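A.B. asks:
Number of protein chains: 4
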Amino acid sequence: MPHQMNAAQLQAFLTRDFGQVADDFRVERVDDQGLTLRLMVAARHLRPGDTVSGPAMFGLADVAMYLAILAQLGPVALAVTTNCSIDFMRKPEAGCDLLAQARVLKLGRVLAVGDVMLYSEGKPDPVARASLTYSIPPKR
Amino acid sequence: MPHQMNAAQLQAFLTRDFGQVADDFRVERVDDQGLTLRLMVAARHLRPGDTVSGPAMFGLADVAMYLAILAQLGPVALAVTTNCSIDFMRKPEAGCDLLAQARVLKLGRVLAVGDVMLYSEGKPDPVARASLTYSIPPKR
Amino acid sequence: MPHQMNAAQLQAFLTRDFGQVADDFRVERVDDQGLTLRLMVAARHLRPGDTVSGPAMFGLADVAMYLAILAQLGPVALAVTTNCSIDFMRKPEAGCDLLAQARVLKLGRVLAVGDVMLYSEGKPDPVARASLTYSIPPKR
Amino acid sequence: MPHQMNAAQLQAFLTRDFGQVADDFRVERVDDQGLTLRLMVAARHLRPGDTVSGPAMFGLADVAMYLAILAQLGPVALAVTTNCSIDFMRKPEAGCDLLAQARVLKLGRVLAVGDVMLYSEGKPDPVARASLTYSIPPKR
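Keeping their order, the protein sequence lines are chains A, B, C and D.
All residue numbers for the first sequence refer to our numbering, where the first residue is 1 and numbers rise by one.
All residue numbers for the second sequence refer to our numbering, where the first residue is 1001 and numbers rise by one.
All residue numbers for the third sequence refer to our numbering, where the first residue is 2001 and numbers rise by one.
All residue numbers for the fourth sequence refer to our numbering, where the first residue is 3001 and numbers rise by one.
1) Under 8 angstroms by Cβ, that's how I've got D:Ser3085 and A:Ser131 pegged, so tell me the actual separation to the nearest angstrom.
2) Could I get the ranges of all uninterrupted beta strand (DSSP E) runs contained in the stretch 1007-1091 of chain B, with 3 residues as the minimum, in chain order?
3) Since D:Thr3036 and D:Leu3099 should fall inside the 8 angstroms C-beta cutoff, what is the C-beta to C-beta distance between them, to a whole number of angstroms?
4) Is it buried or exposed for A:Arg109, if we count other Cβ within 10 angstroms and need 16 for buried?
5) Under the DSSP definition of a beta bridge, which residues are partnered with A:Ala102?
6) Return no unless some Cβ of chain C is closer than 9 angstroms to the Cβ of B:Val1113.
7) Closer than 9 angstroms, Cβ to any Cβ of chain C: which residues of the stretch 5-16 of chain A, in chain order?
8) Compare the C-beta of D:Gly3034 with all C-beta atoms of chain A and state if any pair is closer than 9 angstroms.
9) Expressed to the nearest angstrom, what Euclidean distance is found between the alpha-carbon atoms of C:Ala2128 and C:Leu2118?
10) Is any beta-carbon of chain A found at less than 9 angstroms from that of B:Gly1095?
11) Between which two residues does the beta strand (DSSP E) holding A:Ala94 run?
12) Quick check on C:Thr2081 - is its C-beta less than 9 angstroms from some C-beta in chain A?
13) Using a Cβ-Cβ cut-off of 9 angstroms, state whether C:Pro2075 counts as contacting chain B.
14) Does the distance from the CB of D:Phe3013 to the CB of D:Leu3060 come in under 9 angstroms?
15) Could you check whether the Cβ of D:Pro3048 sits closer than 9 angstroms to any Cβ belonging to chain C?
16) Verify the CB distance criterion: does B:Pro1126 have a CB-CB separation below 9 angstroms to chain C?
17) Can you give me the C-alpha to C-alpha distance between D:Thr3081 and A:Arg103, rounded to a whole angstrom?
18) Would a check of beta-carbon distances place C:Val2110 closer than 9 angstroms to chain A?
19) For chain C, check one thing: does any of its Cβ atoms lie closer than 9 angstroms to the Cβ of B:Asp1087?
20) Find the nearest neighbour of D:Val3113 within the set A:Arg90, A:Ala79, A:Leu105, A:Ala94, judged by alpha-carbon distance.
21) By the three-class DSSP mapping on this structure, what secondary structure does B:Arg1129 have?
22) Is it buried or exposed, A:Lys106, if we count other Cβ atoms within 10 angstroms and call 16 or more buried?
23) B:Val1027 and B:His1003: beta carbons closer than 9 angstroms?
24) Measure the C-alpha to C-alpha separation of C:Asn2006 and B:Asp1125 and round it to an integer number of angstroms.
25) Please return the same chain residues whose Cβ sits closer than 7 angstroms to the Cβ of C:Leu2046, not counting the five positions on each side in sequence.
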């Protein structure tokens, strides 16, 4: 599906509507299938063992897919996460940003579904994968 | 399975090993099936719309199940989350703590599985449910 | 939520609309929270190692939750499974029926969510657990 | 990871160890990342509404990932499914085979993780996606 918002527009949306976390994230790429979102890993995202915390990875996957859906629906939408299934496969490296590759698999009338792969920047093997479902409100 | 750590011991473990987030949580109850963990909701857990953020709910479910497994294994263990499937069902109320009811369903040699129900304090209907799997390291 | 169909009505619905599999299942109990469904395990449900196959357990969880939603919505509904997350925890015993305890956790306008525990009859520990989401069509 | 079994070897394994269902499936392609498995859809896989049943799709995803792991581990392994999260996104067409594209994302010491996309043959949009985890027994 053609995307209706580019990286700069998505970043501006994030800043305006999610100011609390907008500085954590940078939209790196948007195309018709999905996008890449960077988590600029800082001390607040780490946990003992010098690795990125589970909630920080969950949050990255969730924001990435949310923006990927928004890119296709346009800025009027307000999707709500209804399910996330996430597999943690490898320990992310500390001192290294995380990159999320989000892909929209279905954009229906009431539900959107997609999946996300998370990588430590520069590493070939994913640290985590997630699939997410969003409920799309009636009026759009 | 009989539990080997009580609420005070679990709270002390949290303070020592997860100092960064220990102040967010309070162990309310432990028995042979599981435990109740409170998220003391503060401004940093909220997101626009005056509700508790997804990562905060994910974190609550994850810490609750982690401690429930620890309560049964004893303090030597260091389990690692491998999967979480979480359903967000209702919007949590802001200005209201969240309570997680965690239940251990299987404690095997290499894997532990459990589920968690999340409630806004004082409300009968769950705001979310999660099932989680942990990998248990060989030497314990 | 009060249930609108009893065990006999659900069984009749199964026979009429799902004749192909209706003989596999028996509705054992219905109340306002959910129901118990029995899989009468036969040779066609087994796989090597003398255990019940994954698809047979998945099917049991899915039919149990479908009927539990139907019990609350009434016979006009036609819900569609959109997600299932299932954990296989213990090997079911062959020569032993499976019992599914299904519980409706949310019955919304467009989505229903519930969970199911599967037991080998007479055993205290669950063999599997599943959470399922259904899309509810507009006109009901 | 390099694969150690080709399509013919996997098909022979299926026939020998899973004779009951081997005729349903045909291994179409194997490479170092994963494989493609065909479900030859027959009347027994359908359900009312002239579509492929949920258990048949679950079974296809499970067998596809099982064989993809086997292709990498070699024929000595006996992996056990511990978790599957499956999203049903579109109604499969009756009178049309299903193709599963399975991909191994992690092959660890005790756990293997992968995902599967399911397509009605000749259609570009997936009918379902699944992520699966397998426990790998100690001696291999």
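Cβ atoms here follow ideal geometry from the backbone N, Cα and C, with glycine treated the same way.
Bear in mind that the values here come from a model prediction, so they are computed numbers and not experimental data.
C.D. replies: Taking the structure as given:
1) 6 angstroms
2) 1025-1030, 1034-1039, 1080-1088
3) 6 angstroms
4) exposed
5) A:Leu35, A:Val116
6) yes
7) none
8) no
9) 5 angstroms
10) no
11) That residue, A:Ala94, is in no beta strand (DSSP E); it is neither H nor E in DSSP.
12) no
13) no
14) no
15) yes
16) yes
17) 26 angstroms
18) yes
19) yes
20) A:Arg90
21) strand
22) buried
23) no
24) 24 angstroms
25) Val2052, Ser2053, Ala2094
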